[in-house]
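Chain order of the listed sequences is U and Y.
When the count follows my numbering, it moves up by one through the first sequence with no breaks and lands on 389 for the last residue.
When the count follows my numbering, it moves up by one through the second sequence with no breaks and lands on 626 for the last residue.
Backbone N, C-alpha and C define an ideal beta-carbon position, used for all residues, glycine too.
Note that the coordinates shown come from a computational prediction; the quantities given were computed from them, not determined experimentally.
Heads up: the structure comes next, in structure tokens.
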Amino acid sequence: MDLLTIALSNLKIRKVKMLFIVLGMIIGTATIVTLFTITTSMEKELQERFDQLGTRVLITPEQKTFSLSYRGITTAGNISGEKQLFSVEELKRLEYLSWWNQVTVASPKLVAALTGENGNLLGLGVDFEQELKLKRYWEVSGSYPEIDNNQLVLGHDLARRLGKKTGDYLEVAGARFTVTGVMAEIGTEEDKLAYFNLADLQKLSGNNGLLSMAEISLGGTFPREVVEGYLGEIVDGIPGLTAAHIQDAAEGRRALVERFAKFALMVTAVVITIGSLIMGTTMMASVKERTAEIGVFRATGFRKSHIMKIIFMEAGILSGLAGVGGYLLGMLVATFTGPVIIELQTGIVWSPIIAVMAIGLTITIGLAASFYPAYRAANLDPVEALRFI
Amino acid sequence: MSLIEVNQVTKLYQSGDEQVTALGGVDLKIDSGEFLALMGPSGSGKSTLLTILGCLNPPTSGKVIIDDVDIYGLNSERRADFRSTYIGFVFQQFQLIPYLSAAENVMLPLAISNKSKEEQWELARQVLTKVGLGNKMERLPNQLSGGEQERVAIARAIVNQPPIVFADEPTGALDTKTSEEIMDLFQQVNSEGLTIIMVTHNKENLNYVQRAVFVRDGLMEKEELYQKKNKLTAAGK
Numbered sequence: 001m002d003l004l005t006i007a008l009s010n011l012k013i014r015k016v017k018m019l020f021i022v023l024g025m026i027i028g029t030a031t032i033v034t035l036f037t038i039t040t041s042m043e044k045e046l047q048e049r050f051d052q053l054g055t056r057v058l059i060t061p062e063q064k065t066f067s068l069s070y071r072g073i074t075t076a077g078n079i080s081g082e083k084q085l086f087s088v089e090e091l092k093r094l095e096y097l098s099w100w101n102q103v104t105v106a107s108p109k110l111v112a113a114l115t116g117e118n119g120n121l122l123g124l125g126v127d128f129e130q131e132l133k134l135k136r137y138w139e140v141s142g143s144y145p146e147i148d149n150n151q152l153v154l155g156h157d158l159a160r161r162l163g164k165k166t167g168d169y170l171e172v173a174g175a176r177f178t179v180t181g182v183m184a185e186i187g188t189e190e191d192k193l194a195y196f197n198l199a200d201l202q203k204l205s206g207n208n209g210l211l212s213m214a215e216i217s218l219g220g221t222f223p224r225e226v227v228e229g230y231l232g233e234i235v236d237g238i239p240g241l242t243a244a245h246i247q248d249a250a251e252g253r254r255a256l257v258e259r260f261a262k263f264a265l266m267v268t269a270v271v272i273t274i275g276s277l278i279m280g281t282t283m284m285a286s287v288k289e290r291t292a293e294i295g296v297f298r299a300t301g302f303r304k305s306h307i308m309k310i311i312f313m314e315a316g317i318l319s320g321l322a323g324v325g326g327y328l329l330g331m332l333v334a335t336f337t338g339p340v341i342i343e344l345q346t347g348i349v350w351s352p353i354i355a356v357m358a359i360g361l362t363i364t365i366g367l368a369a370s371f372y373p374a375y376r377a378a379n380l381d382p383v384e385a386l387r388f389i
Numbered sequence: 390m391s392l393i394e395v396n397q398v399t400k401l402y403q404s405g406d407e408q409v410t411a412l413g414g415v416d417l418k419i420d421s422g423e424f425l426a427l428m429g430p431s432g433s434g435k436s437t438l439l440t441i442l443g444c445l446n447p448p449t450s451g452k453v454i455i456d457d458v459d460i461y462g463l464n465s466e467r468r469a470d471f472r473s474t475y476i477g478f479v480f481q482q483f484q485l486i487p488y489l490s491a492a493e494n495v496m497l498p499l500a501i502s503n504k505s506k507e508e509q510w511e512l513a514r515q516v517l518t519k520v521g522l523g524n525k526m527e528r529l530p531n532q533l534s535g536g537e538q539e540r541v542a543i544a545r546a547i548v549n550q551p552p553i554v555f556a557d558e559p560t561g562a563l564d565t566k567t568s569e570e571i572m573d574l575f576q577q578v579n580s581e582g583l584t585i586i587m588v589t590h591n592k593e594n595l596n597y598v599q600r601a602v603f604v605r606d607g608l609m610e611k612e613e614l615y616q617k618k619n620k621l622t623a624a625g626k
């Protein structure tokens, strides 16, 4: 016989009541675990996405009037005679920037309006090796074009508009091009473009050595202020060029994740408050029910600290069980609801940190909420308690 | 030298605006091995005296010395330690813990000792056998009769081998025959050297004690010696 036996025996005799407390705490813990697991999984997914994308910067000629938009950045279509293109040499000047060694990909591009078989089309000339490092989502049925072989790839919508498929020929600016592939649908302006090798399009459009823009990627994720500093170096240091931070769809996702994380914190605060009140009230009621028993303990020689230990052991056992149960239930719920509710694609993260935190938090709440009841029990006047008899 | 010495003990209670004197200056000496009854009408102060003697209820003034220790000079936790080694209690209505078996109830005072589970179990077995319940150790209190519950309560009070056992109306909830059995048991325990101090209303119980102290209005009214009435003495045991 020891204090733990007394605590366990008391819990056993009050099975139903204790089961309800544990269930209540399990639901509370599960709610917190679900929200935090989903948040963690979203953050991980987002981080992976950012890591894949890197930090993107678009370099364009400095312009005041624009009409063409590329990935949210206006790039071409000058109607006031301003400079639309810049030279490859100008781009090379960027290599003297202090942070250029962090650039992992630099993909120059030329955008040009061309005359095709069925009216005008917009051509995008890229260095496919570099561009594919940036556009990991590109999928093509067929293959990407080779240089100097009069080959091109059509965007999904353009191919449909022109009625062309892989292997067909297409007259562009008086030259005959082979369609080596058709891009899978992306859902953006990119579906309406014809894709050339950069050198081919420069030659075809009479813009040898000229570029419309260059997209560069810095490895990893940088704080917004750092990126803005880098952009400032281009704007201030390289005349004629300007730079913009590309706001990827991932940025929108980041906002969603941040909102979700705040929501999770808010719900956690509510659950902790309610859980503490339930636990505290129940333990207080339990102490009142056991007044005579506590009187007997005290008369038998139990110290105040022994009484507190018994109450804390009971609270610890209950909340420990609730912590484990709540973690498992929460993970189960997150596993099934995560992909459906917030369209998680990477799956749920089984984090030992969340497990330890969930169980630790539940036990802490249980013990903290039981402190006052335990204190009251320990300080019951034995004579008053025995008078209860 | 007496085992217990009570010197000018008073106990005042506040009841609303009124101050009630529960004990008005009691002097009492109890020798080791004595079987003493505290008698008196309801509200006379005998239960208050019992709780004060039992280290549970600090007096308003006066001293209680047990085995040379001024018990109310100790702090509350030290007094708890003193209770665990010096005192066993038998309560009215038995007050067994309902979710513990007879053996576990008996082991309760040992739960805060350094004794191993095996030692505790052996001690519980020995005392339960002594009170005639060696075959009912695993029973819960609600599976025992009133007399059996009282026996478990006595076993619990003596398992730690304390020198003093306090009993508050131990036969108050029992029929005559069972009361006699319980008093026989108390007498047997007393004959083994334990000091027993019992609050009782039942005059029949005086047949078993060596001395009775009558309390009235918070004061000791008189005391009577019963050496020759003691059944064990009478029976030549």
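Taking the alpha carbon of residue i as the point to measure from, which residue in the options has its own alpha carbon closest?
{"i": "residue 176 of chain U", "options": "U/109, U/150, U/297, U/239", "result": "U/150"}
{"i": "residue 245 of chain U", "options": "U/254, U/57, U/36", "result": "U/57"}
{"i": "residue 155 of chain U", "options": "U/166, U/291, U/147", "result": "U/166"}
{"i": "residue 339 of chain U", "options": "U/130, U/147, U/226, U/39", "result": "U/39"}
{"i": "residue 359 of chain U", "options": "U/14, U/383, U/350, U/320", "result": "U/320"}
{"i": "residue 415 of chain Y", "options": "Y/559, Y/397, Y/453", "result": "Y/397"}
{"i": "residue 521 of chain Y", "options": "Y/601, Y/544, Y/420", "result": "Y/544"}
{"i": "residue 607 of chain Y", "options": "Y/393, Y/399, Y/404", "result": "Y/399"}
Going by the CB atoms, is the gap between residue j and residue i shorter than 7 Å?
{"i": "residue 97 of chain U", "j": "residue 233 of chain U", "result": "yes"}
{"i": "residue 401 of chain Y", "j": "residue 434 of chain Y", "result": "no"}
{"i": "residue 218 of chain U", "j": "residue 21 of chain U", "result": "no"}
{"i": "residue 182 of chain U", "j": "residue 141 of chain U", "result": "yes"}
{"i": "residue 395 of chain U", "j": "residue 29 of chain U", "result": "Missing from the structure shown is residue 395 of chain U; chain U here goes from 1 to 389 and no further."}
{"i": "residue 432 of chain Y", "j": "residue 605 of chain Y", "result": "no"}
{"i": "residue 557 of chain Y", "j": "residue 483 of chain Y", "result": "no"}
{"i": "residue 439 of chain Y", "j": "residue 603 of chain Y", "result": "no"}
{"i": "residue 490 of chain Y", "j": "residue 537 of chain Y", "result": "no"}
{"i": "residue 42 of chain U", "j": "residue 349 of chain U", "result": "no"}
{"i": "residue 295 of chain U", "j": "residue 386 of chain U", "result": "yes"}
{"i": "residue 62 of chain U", "j": "residue 240 of chain U", "result": "yes"}
{"i": "residue 37 of chain U", "j": "residue 269 of chain U", "result": "no"}
{"i": "residue 1 of chain U", "j": "residue 509 of chain Y", "result": "yes"}
Going by DSSP, which residues form a beta bridge with residue i?
{"i": "residue 605 of chain Y", "result": "Y/608"}
{"i": "residue 120 of chain U", "result": "U/115"}
{"i": "residue 424 of chain Y", "result": "Y/585"}
{"i": "residue 556 of chain Y", "result": "Y/479, Y/587"}
{"i": "residue 487 of chain Y", "result": "Looking at the DSSP assignment, residue 487 of chain Y forms no beta bridge with any residue, so it has no partner."}
{"i": "residue 149 of chain U", "result": "According to DSSP, which records beta bridges pairwise, residue 149 of chain U is partnered with nothing at all."}
{"i": "residue 494 of chain Y", "result": "According to DSSP, which records beta bridges pairwise, residue 494 of chain Y is partnered with nothing at all."}
{"i": "residue 245 of chain U", "result": "U/57"}
{"i": "residue 410 of chain Y", "result": "Y/401"}
{"i": "residue 110 of chain U", "result": "U/125"}
Starting from residue i, trace the alpha helix (DSSP H) in both directions and tell me its first and last residue.
{"i": "residue 540 of chain Y", "result": "535-547"}
{"i": "residue 366 of chain U", "result": "352-378"}
{"i": "residue 298 of chain U", "result": "291-300"}
{"i": "residue 451 of chain Y", "result": "Taken as a continuous stretch (DSSP letters only), residue 451 of chain Y belongs to no alpha helix (DSSP H), being part of the beta strand (DSSP E) at 450-455."}
{"i": "residue 383 of chain U", "result": "382-387"}
{"i": "residue 128 of chain U", "result": "128-134"}
{"i": "residue 440 of chain Y", "result": "435-442"}
{"i": "residue 194 of chain U", "result": "From DSSP, residue 194 of chain U is part of no alpha helix (DSSP H) but of the beta strand (DSSP E) over 193-197."}
{"i": "residue 141 of chain U", "result": "It is not in any alpha helix (DSSP H) - residue 141 of chain U instead sits in the beta strand (DSSP E) that spans 140-142."}
{"i": "residue 62 of chain U", "result": "First-last for residue 62 of chain U: undefined, no H or E at that position."}
What residue range does the beta strand (DSSP E) around residue i cover?
{"i": "residue 310 of chain U", "result": "First-last for residue 310 of chain U: 304-341, but that is the alpha helix (DSSP H), not the beta strand (DSSP E)."}
{"i": "residue 400 of chain Y", "result": "393-404"}
{"i": "residue 524 of chain Y", "result": "First-last for residue 524 of chain Y: undefined, no H or E at that position."}
{"i": "residue 572 of chain Y", "result": "From DSSP, residue 572 of chain Y is part of no beta strand (DSSP E) but of the alpha helix (DSSP H) over 565-580."}
{"i": "residue 217 of chain U", "result": "213-218"}
{"i": "residue 171 of chain U", "result": "169-172"}
{"i": "residue 179 of chain U", "result": "175-183"}
Quiz item: Any chance the segment 528-537 of chain Y sits against the segment 574-588 of chain Y, with 3 or more Cβ pairs inside 8 Å?
Solution: no
Quiz item: Within the chosen definition, does the segment 323-333 of chain U reach the segment 375-384 of chain U through at least 3 CB pairs nearer than 8 Å?
Solution: no
Quiz item: Counting pairs of beta carbons, one from the segment 115-127 of chain U and one from the segment 189-198 of chain U, are three or more of them closer than 8 Å?
Solution: yes
Quiz prompt | Segment contact, 8 Å Cβ cut-off, at least three pairs: the segment 441-449 of chain Y with the segment 603-613 of chain Y | solution = no
Quiz prompt | Cβ pair count under 8 Å reaching 3, the segment 11-31 of chain U against the segment 267-281 of chain U | solution = yes
Quiz item: Counting Cβ pairs, one atom from each stretch, are 3 or more of them under 8 Å apart for the segment 581-593 of chain Y and the segment 420-429 of chain Y?
Solution: yes
Quiz item: For the segment 558-575 of chain Y against the segment 491-511 of chain Y, are there 3 or more C-beta pairs whose distance is under 8 Å?
Solution: no
Exercise. Take every Cβ of the segment 537-546 of chain Y, pair it with every Cβ of the segment 460-470 of chain Y, and state whether three or more of those distances are shorter than 8 Å.
Key: no
Exercise. Please confirm if the segment 212-227 of chain U is in contact with the segment 99-111 of chain U, defined as three or more CB-CB distances below 8 Å between the two stretches.
Key: yes
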